[in-house]
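In the working numbering, the protein residues as written are 6 to 226.
Below is one structure, written out as structure tokens; the observations come after it.
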């Protein structure tokens with residue numbers, strides 16, 4: 006290690022140590038080099054003590070996680086898996102505190118508790134409900150956990166969907182086809198979107214019924 010400047014306490018680190026070191030807090034002997042710069046190195050001059058308190062340089066790139074961070078990472082991973090189990094559509098953003106911080110863990114714990122408290126089950130289908138969707142006539146439809154809400158082919162219609170996109174509930178305020186009476190529908194899970202992926206029709210009690218039967222058409226206001 007050699008001194009870079011005779012006017013500042015900066016030193017060049019050997020190759021592999023990550024560049025220059027800033028040696029500002031070595032102690033009295035390190036700061037007294039100026040008065041001895043005319044002396045020969047040895048027992049009368051600077052004997053190397055000034056290097057004794059050098060701070061190791063910061064490592065470039067990502068730092069390895071310490072045991073506390075490793076444990077925090079395991080806890081965060083478990084919380085994320087449980088949240089995704091309750092809500093498969095949940096997404097996680099990088100929080101301000103970092104991926105292995107206490108703030109991240111506490112935020113995920115709070116979100117998990119919210120999902121656990123919100124576990125209202127639709128007795129017709131057995132699915133947890135994440136939202137209630139209403140119209141201006143106080144007709145209510147359920148959005149299943151992990152699902153979504155979209156407009157039907159007729160823009161006045163409202164469809165709630167299972168996570169795979171198949172219909173859960175349908176609200177048809179203008180009816181459809183040959184039936185212009187406002188009504189709704191409920192369905193078991195299907196294979197995917199549209200009528201081809203739609204599951205079996207239900208009556209208002211959750212029983213499977215023919216899709217064209219009166220019981221498959223739920224009354225609406």
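Positions of the beta carbon are idealized from the N, C-alpha and C atoms, including for glycine.
Predicted model only: the values in this text are computed from it and were never measured.
{"Item": "Taking only the alpha-carbon atoms, compute the straight-line gap between residue 79 and residue 113 and give it to the nearest angstrom.", "Value": "13 Å"}
{"Item": "Name the residue from 149, 188 and 93 whose alpha carbon lies nearest to the alpha carbon of residue 172.", "Value": "149"}
{"Item": "Would DSSP call residue 201 helix, strand or coil?", "Value": "helix"}
{"Item": "When the Cα atoms are used, what is the spatial distance from residue 111 to residue 181?", "Value": "48 Å"}
{"Item": "Would residue 222 and residue 188 be called neighbours here (beta carbons separated by less than 7 Å)?", "Value": "yes"}
{"Item": "Closer than 7 Å by C-beta to residue 161: which residues in its own chain qualify, once you throw out the five before and the five after it? Chain order, please.", "Value": "178 and 179"}
{"Item": "Since residue 4 is in the beta strand (DSSP E), which residue starts that stretch and which ends it?", "Value": "Here the chain comprises residues numbered 6 to 226, so residue 4 is not present and cannot be evaluated."}
{"Item": "My assumption, with CB atoms under 8 Å, is that residue 133 sits in contact with residue 145. Please give the rounded CB distance.", "Value": "About 16 Å separates the two Cβ atoms, so there is no contact after all."}
{"Item": "Please work out which residues of its chain come closer than 8 Å, Cβ to Cβ, to residue 215, disregarding the five sequence neighbours upstream and downstream, and give them in chain order.", "Value": "206 and 221"}
{"Item": "Please tell me whether residue 94 and residue 170 are closer than 7 Å, where the distance is taken between their beta carbons.", "Value": "no"}
{"Item": "What are the boundary residues of the beta strand (DSSP E) that includes residue 245?", "Value": "Residue 245 lies beyond the range of the chain shown here (6 to 226); nothing can be said about it."}
{"Item": "Quick one: is residue 147 buried, meaning 16 or more other Cβ sit within 10 Å of its Cβ, or exposed?", "Value": "buried"}
{"Item": "Which term fits residue 98, buried or exposed, when burial requires 16 or more other beta carbons within 10 angstroms of its beta carbon?", "Value": "exposed"}
{"Item": "What are the uninterrupted segments assigned as alpha helix (DSSP H) that are 4 or more residues long and contained completely in the segment 67-97, given in chain order?", "Value": "72-91"}
{"Item": "In its own chain, which residues sit with a C-beta less than 8 Å from the C-beta of residue 85, not counting the 5 before and 5 after it?", "Value": "97 and 113"}
{"Item": "Over the uninterrupted beta strand (DSSP E) stretch that includes residue 109, give me the two end residues.", "Value": "No beta strand (DSSP E) contains residue 109, which is instead part of the alpha helix (DSSP H) from 107-122."}
{"Item": "Just reading off the beta strand (DSSP E) that residue 183 is part of, what are its end residues?", "Value": "It is not in any beta strand (DSSP E) - residue 183 carries neither H nor E in the DSSP assignment."}
{"Item": "For residue 77, count neighbouring Cβ atoms within 10 angstroms of its own Cβ and tell me buried if that reaches 16, exposed if not.", "Value": "buried"}
{"Item": "Closest to residue 286 by C-alpha separation, out of 210, 219, 218 and 217, would be which residue?", "Value": "Residue coverage of the chain in this structure runs from 6 to 226, which leaves residue 286 outside it and unanswerable."}
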